[in-house]
Amino acid sequence: MKKNPDILKTRHRGAAAWTRQRSSAVDLVSGQEDEGHGGCVPGFQVKHYQVAYIGPFQKGQPVIQVEFDDCAGNDGVTFQVSDPGFEVDGDLKLVPLQNVPYSPPVLFIHGTSPHADDVAQLDVTGLPESQHTLRNILGLGQTWSHGRTKRHLLVPPMIVTENQRAPFPRIIGKSHLILRENLANHIFRLTGPGADQDPKGLFIIDIDTGDVSVSRSLDREAVDSYQLEVSTTDFVGNIVEGPALLLITVIDQNDNRPIFKETRYSGEVLEGSPTGTTVMRMTAFDADDPATDNAALRYNIVKQSPDKPSPNMFYIDAEKGDIVTVISPKLLDRETLPTTTYELEIVAKDMAGSEVGLRGTATATITITDNNDHAPEFTHPLFEASVNEGSTGNVVNLTVDDRDDPATEAWRAIYTIINGDPTQSFEIQTNPDNNEGMLQPLDYEGTSYHRLLIKVENEEPLVPYVGYGPSSTTTVHVSVLDVNEGPVFFPDPLIVTRMENIPVGSSVASLNATDPDILQKQSIRYAVLRDPAGWLSVNPVRGTVNTSASLDRESPYVHDNKYTAVFMATDNGYPPATGTGSLVIYLEDYNDNAPYVVPSVARVCEDAHDMNVAIVGGRDKDLPPNGAPFKIELGKQPGLDKTWRVTRVNSTHSQIMLLHSLKKANYQLPLVITDSGVPPLSNNTEVKVHVCVCKKNKMHCSSAHSHHASLLLLLATLLLTILCKYPARHTSTRENRS
932 MKKNPDILKT
942 RHRGAAAWTR
952 QRSSAVDLVS
962 GQEDEGHGGC
972 VPGFQVKHYQ
982 VAYIGPFQKG
992 QPVIQVEFDD
1002 CAGNDGVTFQ
1012 VSDPGFEVDG
1022 DLKLVPLQNV
1032 PYSPPVLFIH
1042 GTSPHADDVA
1052 QLDVTGLPES
1062 QHTLRNILGL
1072 GQTWSHGRTK
1082 RHLLVPPMIV
1092 TENQRAPFPR
1102 IIGKSHLILR
1112 ENLANHIFRL
1122 TGPGADQDPK
1132 GLFIIDIDTG
1142 DVSVSRSLDR
1152 EAVDSYQLEV
1162 STTDFVGNIV
1172 EGPALLLITV
1182 IDQNDNRPIF
1192 KETRYSGEVL
1202 EGSPTGTTVM
1212 RMTAFDADDP
1222 ATDNAALRYN
1232 IVKQSPDKPS
1242 PNMFYIDAEK
1252 GDIVTVISPK
1262 LLDRETLPTT
1272 TYELEIVAKD
1282 MAGSEVGLRG
1292 TATATITITD
1302 NNDHAPEFTH
1312 PLFEASVNEG
1322 STGNVVNLTV
1332 DDRDDPATEA
1342 WRAIYTIING
1352 DPTQSFEIQT
1362 NPDNNEGMLQ
1372 PLDYEGTSYH
1382 RLLIKVENEE
1392 PLVPYVGYGP
1402 SSTTTVHVSV
1412 LDVNEGPVFF
1422 PDPLIVTRME
1432 NIPVGSSVAS
1442 LNATDPDILQ
1452 KQSIRYAVLR
1462 DPAGWLSVNP
1472 VRGTVNTSAS
1482 LDRESPYVHD
1492 NKYTAVFMAT
1502 DNGYPPATGT
1512 GSLVIYLEDY
1522 NDNAPYVVPS
1532 VARVCEDAHD
1542 MNVAIVGGRD
1552 KDLPPNGAPF
1562 KIELGKQPGL
1572 DKTWRVTRVN
1582 STHSQIMLLH
1592 SLKKANYQLP
1602 LVITDSGVPP
1612 LSNNTEVKVH
1622 VCVCKKNKMH
1632 CSSAHSHHAS
1642 LLLLLATLLL
1652 TILCKYPARH
1662 TSTRENRS
């Protein structure tokens, strides 16, 4: 935006006239404008202002109106005033934020925007002589030690350009605004990071004049500003004025070129996409000040490879870096383009793309991805095949052509039988390697000839403007050659339930086998293939199964009450065909096993008052209710009940108790055990009883070389003993002692 100096002067004079008319204590004297120029120079258009002090500044009452233009519309412009009691409002007017009774003799106004960075100066004239001290101007009433009055420095911000060349040091500004007569007793001091702190010695101050200098070249990308403090001391070292903040801003130079994060970028665009479709975004970074043109990047495509069918198939947004398509959707056809990948050389240039800007480059690889814009087509309108019935595997391979990208959903085929297979005797699977349809049989029976109509589609739907044509269907003729198949048993296995021990020759089951060759009239004969126990026979013509031996549920060939036999059926075809089937017989239990006593050996103590009890139990191979509960009793020999007693413990166990003391020896005790079957079965058995000497809960039984004596003789001896002691009582027993 070009400024007219006459307009600036007129506008300034208008502000002065308006200021004189207001009830303010300040009278604007003049504004000194920079020399005219042919083009717009970003910054303050008037850099030096003067106002006459005629009394306190009132809150909210404008003092002056500054002239600032960043040549880009002043968007984002901000201002800082050296005196925090003032600000520049949105109308570019300098106004007090509060009532200010006194003013510094000089104010600095720092204006910044993304396109400008400049400082203007305001001189306040006519201040009372007695108020020229900084203490009075700023209204400070505090006192310092040593009886001196505290003073305050007014330090304007300074700027320094990075990458300056020697010689050094270079003066960058004055650090103070105080009266000349006060300088004689002042020594200036500079502190903070960059002065007396790391990086030490970067900035230095003249102790006499207060001039601040930079001692070496600066790098804005390392540090973009420094905050130091300026103070004055007397010759003894006591602080006279300050400290005051000194802000030094490092002005950017275009010393960093744009850099892409990667040297190669990849993007994809679907074929047939509309013109203007965004493919990808290219982004470069510039370390220079983002508020200046030094980091304002512009993007450009400098090369496209290959350059067919057009050298300008793509366009890049100069500011955003978005790559979009320029080529028409019709020409963006993956199947007709010379390649499916294009490489673009992208340049990012700073200084808003001007010729003096620095450059950075990267490569964008764009892949044209496939769209399902080609329907699959059968290579033949008719496929024929002959196959033996009962065979497995492929009947015929159906071949198709598809111009879309292989191994994508737009290329992979799905086959469907749409006519000629009402019983669903066939299925089609897709070969993932070559996209062929593999026609496979499920059942040939019923007809010797099949005429199938098959269609092919893609896994991905076609684009709207493409449809499936006549070539997407084909006819398949399948001739089935008859092959003799073996008979089939039904049901298989055949399950029946029979009682064990049924008479030999009893009927067990009737086998049922049919021949699947329904077009042939064939007879079937039956035979036993596997009969582990040899219990069964089969009628070869009728298929009836009878017992040829007694069925025994307790046989080792019976598992979980099931006995399994296998039979075969053979037709009279050429060559003969055979099928097999199983017969499972669930055997019901019959009380055909007598119970027995366990264990066969028991131990008791010779003294009837000690451990004179032994536990025995019953076992039975039959199932309930042909087993427990068991009844265990003494044998029928007379006199046994005078020495032994058997008492039931539960349904399966009983206890044997010695009633009188016996000599340490081994005795055979006859017992009778009976089960609960109908009718019940009993078993006479003997249990060897060891009569042992028991001391301190330990049993000492007879040695292996046992003494065998007749239980009857033992009973006679006991009887004589009892008669001697109890003449009135007579008992006869019979025991076997061994």
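Following the working numbering from start to finish, the sequence shown increments by one per residue and tops out at 1669.
For each residue, glycine too, the CB sits at the ideal point set by N, CA and C.
Quick one, which of 1145, 1499, 1195 has its alpha-carbon nearest residue 1211's? Closest by alpha carbon: 1195.
Just verifying my parser: in three-state terms, what is the DSSP assignment at residue 1027? Looking at residue 1027 - three-state DSSP - the assignment turns out to be strand.
Just to check my reading of the structure: residue 1026 and residue 1017 have Cβ atoms closer than 8 Å, yes? What is that Cβ distance to the nearest angstrom? Correct: roughly 7 Å between the Cβ atoms.
Could you give the uninterrupted runs of the beta strand (DSSP E) lying entirely in the region 992-1025, keeping only those of 3 residues or more? Counting whole runs of 3 or more residues, the region 992-1025 contains the beta strand (DSSP E) stretches 1009-1012, 1017-1019.
Measuring CA to CA, which of 1223, 1592, 1421 is closest to residue 1575? Measuring from the Cα of residue 1575, the nearest candidate turns out to be 1592.
Identify whether residue 1213 lies in helix, strand or coil by the three-state DSSP scheme. When secondary structure is reduced to three states using DSSP, residue 1213 falls in the coil class, being assigned neither helix nor strand.
Alpha-carbon spacing of residue 1400 relative to residue 1304, whole angstroms: Cα-Cα distance, rounded: 13 Å.
Smallest Cα separation from residue 1509: which of 1479, 1416, 1442, 1473? Its Cα nearest to that of residue 1509, the residue 1416 stands out among 1479, 1416, 1442, 1473.
Mind checking who residue 1279 pairs with in its DSSP beta bridge? Residue pairing for residue 1279: DSSP places it in a beta bridge opposite 1230, 1291.
Beta-carbon spacing of residue 1254, residue 1180 below 7 Å: No.
Starting from the C-beta of residue 1001, find all residues in its chain whose C-beta is less than 7 Å away, skip the five residues before and the five after it, and write them out in chain order. Only 973, 1008, 1044, 1046, 1047 meet the Cβ criterion.
Express the C-alpha separation of residue 1182 and residue 908 in angstroms, rounding to a whole number. Because residue 908 is not part of the residues shown, which for the chain are 932 to 1669, the question remains open.
List the whole-angstrom C-beta distance separating residue 1471 from residue 1456, where the pair is believed to meet the contact cut-off of C-beta under 8 Å. At roughly 5 Å, the Cβ-Cβ gap stays under 8 Å, so residue 1471 and residue 1456 are in contact.
Whether or not the region 1526-1539 and the region 1595-1610 are in contact is what I'm after, with contact meaning three or more pairs of Cβ atoms, one per stretch, closer than 8 Å; do they touch? Touching, yes.
Does the distance from the CB of residue 1190 to the CB of residue 1291 come in under 7 Å? Inclusion of residue 1190 and residue 1291 in the CB contact set at 7 Å is warranted, their separation being smaller than that value.
Please list the segments of the beta strand (DSSP E) lying wholly inside the region 1491-1543, counting only runs of 3 or more residues, in order along the chain. 1493-1502, 1509-1519, 1527-1529, 1532-1536, all fully within the region 1491-1543.
Compare the beta carbon distance of residue 1341 and residue 1327 with 7 Å and say whether it is the shorter of the two. Cβ distance not < 7 Å, so residue 1341 and residue 1327 don't count as in contact.
DSSP-derived helix/strand/coil call for residue 1372: Here residue 1372 carries a strand assignment [DSSP, helix/strand/coil].
Cβ pair residue 1518, residue 1473 closer than 7 Å: In this structure, residue 1473 does not lie closer than 7 Å to residue 1518 by Cβ.
Specify, as a first and last residue, the run of the beta strand (DSSP E) that residue 1158 falls within. Per DSSP, residue 1158 belongs to the beta strand (DSSP E) from 1156-1164.
With distances taken from CA atoms, which of 1486, 1588, 1556 is nearest residue 1564? Checking every option, the nearest Cα to that of residue 1564 belongs to 1588.
Among the candidates 1462, 1447, 1545, whose CA atom is the shortest distance from the CA of residue 1320? Residue 1320 has its Cα closest to that of 1447, out of 1462, 1447, 1545.
Between the Cα of residue 1605 and those of 1231, 1583, 1625, spot the shortest distance and give me the residue it belongs to. If we check each option's Cα against that of residue 1605, 1583 comes out closest.
Kindly identify the DSSP beta-bridge partner or partners of residue 1345. Per DSSP, 1388.
In terms of residue numbering, what span does the beta strand (DSSP E) encompassing residue 1460 cover? Element bounds for residue 1460: 1455-1461.
Spatial neighbours of residue 1146 within its chain, please: C-beta separation below 8 Å, excluding the five flanking residues on both sides. Closer than 8 Å at Cβ, skipping near neighbours: 1099, 1100, 1132, 1133, 1134, 1135.
In angstroms, rounded to a whole number, what distance separates the CA positions of residue 1198 and residue 1347? The alpha-carbon atoms of residue 1198 and residue 1347 are separated by roughly 36 Å.
Go through its chain and collect everything with a Cβ distance to residue 1123's Cβ below 6 Å, but skip five positions before and after it. If we look at residue 1123 and ignore the five residues flanking it on each side, its Cβ neighbours are 1159, 1160.
Per DSSP, which one or two residues make a beta bridge with residue 1632? None, per the DSSP bridge assignment.
Neighbourhood of residue 1380 by C-beta distance below 8 Å, restricted to the same chain and skipping five residues each side: For residue 1380, where only same-chain residues beyond five positions count, the Cβ hits under 8 Å are 1408, 1409, 1410, 1411.
Output the distance between the C-alpha atoms of residue 1389 and residue 1357, rounded to the nearest integer angstrom. Counting only the Cα atoms, residue 1357 lies some 20 Å from residue 1389.
Whose CA, out of 1092, 1204, 1568, 1264, lies closest to the CA of residue 1335? Per the Cα distances, 1264.
Helix or strand or just coil, what does DSSP make of residue 1400? Under the three-state reduction of DSSP output, residue 1400 falls in the coil class, being neither helix nor strand.
Three-state class that DSSP yields for residue 1042 in the structure shown: If DSSP states are grouped into helix, strand and coil, residue 1042 belongs with the strands.
Looking at the secondary structure, which residues open and close the beta strand (DSSP E) in which residue 1670 lies? As displayed, the chain neither begins before 932 nor continues past 1669, which places residue 1670 out of reach and without an answer.
Quickly, what does DSSP pair residue 1575 with across the bridge? List them, please. Paired residue(s): 1589.
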